[in-house]
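In the numbering used here, the protein residues as written are 28 to 270.
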Amino acid sequence: MIRYDLDDRTAWVTLDRPEKKNALDLQGWRDLAAALDRAAEEACVAVLAGAGDAFCAGDDIATLAALDTEADVRALADCLAEGLYGVETCGVPVVAAVDGLAYGGGFELVAAADLAVASEAATFALPETRIGAFPPYAVSRIGALCGKKRLLELALTGDPIDADTAHDWGLVNRVVPDEDLPGAVADLVDSITASPAPATRLAKEYATLALSQHGERDRVHGGFARVATSEACRDAARAFLDR
């Protein structure tokens with residue numbers, strides 16, 4: 028599900044489940060965190076991308092539909108946190124290369140990344156409330172990027188926004204034509220690796236210091252566990268799968 032390739036000083040971390048729009052299950056989130064740990068040891072920068080025609084559809088809805096107990100949901104929340112905070116706190120800068128949809132946890136991955144380049148075809152959405160859940164990482168991070176009212180518009184409606192809107196709202200750094208995405212990402216990576224790695228690592232570390240992760244993770248993911256164990260959430264997830 029997670030493909031890892033090291034090219035010189037760049038770790039390419041690819042979500043490789045195109046038949047499911049690169050949706051992540053529990054093992055996928057764990058493998059993503061492990062790949063980022065490896066990148067921190069071996070590389071100067073990591074690029075996070077999706078295989079096929081999507082970046083990431085977020086959580087595998089089948090995983091949500093199968094949750095029976097609060098312990099099951101907390102296990103999922105822990106895996107989510109491991110992956111998302113793994114991006115945020117990775118020891119090297121992480122660049123998201125976004126082509127196609129970035130929904131739910133996929134959108135949160137973009138928010139967690141240090142930099143993001145999107146193709147014109149990219150779309151972004153937080154549809155969790157449509158199935159009775161909510162986006163735990165997004166509610167604590169995306170507001171700082173785009174403002175509370177824009178965050179709530181995304182989280183409360185579940186409606187998607189296009190790449191230009193995401194750029195205007197400060198959620199991605201650059202938007203390029205679809206065919207130019209690989210080159211634009213490569214140029215950005217070259218700009219990062221032109222600086223000594225200790226300097227770029229320290230810049231990221233200090234930019235992340237103010238984030239209060241531990242208490243926040245307990246609070247936000249505890250809330251996720253409460254709503255995701257509700258019958259309404261499970262029914263909505265099953266209805267989604269039936270469609």
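The beta-carbon is built from N, C-alpha and C at its ideal position, and this holds for glycine as well.
This one's a predicted model, so the numbers in the text were calculated from it and none came from an experiment.
Extent of the continuous beta strand (DSSP E) to which residue i belongs
{"i": "V199", "result": "Unbroken run through V199: none, as it is neither H nor E."}
{"i": "L33", "result": "I29 to D34"}
{"i": "A38", "result": "T37 to L42"}
Terminal residues of the alpha helix (DSSP H) in which residue i lies
{"i": "A66", "result": "L53 to E69"}
{"i": "A271", "result": "Residue 271 lies beyond the stretch modelled for the chain, which goes from 28 to 270, so this question has no answer here."}
{"i": "L75", "result": "No alpha helix (DSSP H) contains L75, which is instead part of the beta strand (DSSP E) from V72 to G77."}
DSSP three-state assignment for residue i, whether helix, strand or coil
{"i": "G174", "result": "coil"}
{"i": "D87", "result": "coil"}
{"i": "D186", "result": "coil"}
{"i": "T235", "result": "helix"}
{"i": "T96", "result": "coil"}
Within 9 Å, strictly: CB atoms of residue i and residue j
{"i": "L172", "j": "A152", "result": "no"}
{"i": "L136", "j": "T90", "result": "no"}
{"i": "P163", "j": "A104", "result": "yes"}
{"i": "L178", "j": "G170", "result": "yes"}
{"i": "A50", "j": "A84", "result": "yes"}
{"i": "G77", "j": "G127", "result": "yes"}
{"i": "G110", "j": "A60", "result": "yes"}
{"i": "V114", "j": "A140", "result": "yes"}
{"i": "G56", "j": "C117", "result": "The amino acid at residue 56 is misidentified as Gly; the sequence shows Trp. No, these two residues do not count as a Cβ contact at 9 Å."}
{"i": "Y130", "j": "T156", "result": "no"}
{"i": "A165", "j": "A138", "result": "yes"}
{"i": "T220", "j": "V72", "result": "yes"}
{"i": "T41", "j": "R30", "result": "yes"}
Residue i Cβ short of 8 Å to the ligand HEM heavy atom set
{"i": "G127", "result": "The ligand HEM is absent from the structure shown, which contains no ligand whatsoever."}
*Tell me the start and end of each unbroken alpha helix (DSSP H) in the stretch 98-171 that is at least 4 residues and wholly inside, in chain order.*
The qualifying runs are 132-139.
*Check whether the stretch 146-161 touches the stretch 205-225, taking contact to mean three or more Cβ pairs, one atom from each stretch, closer than 8 Å.*
The stretch 146-161, when compared against the stretch 205-225, does touch it at the 8 Å Cβ threshold.
_Cβ pair count under 8 Å reaching 3, the stretch 93-106 against the stretch 37-49_ = The stretch 93-106, when compared against the stretch 37-49, does not touch it at the 8 Å Cβ threshold.
*Would you call the stretch 107-126 and the stretch 210-221 in contact, with 3 or more CB pairs under 8 Å?*
Touching, yes, given that three or more Cβ pairs across the two stretches are closer than 8 Å.
*Count the CB pairs spanning the stretch 217-237 and the stretch 63-74 that are closer than 8 Å, and state whether there are at least three.*
Contact between the stretch 217-237 and the stretch 63-74 is present: 3 or more CB-CB pairs across the two stretches fall below 8 Å.
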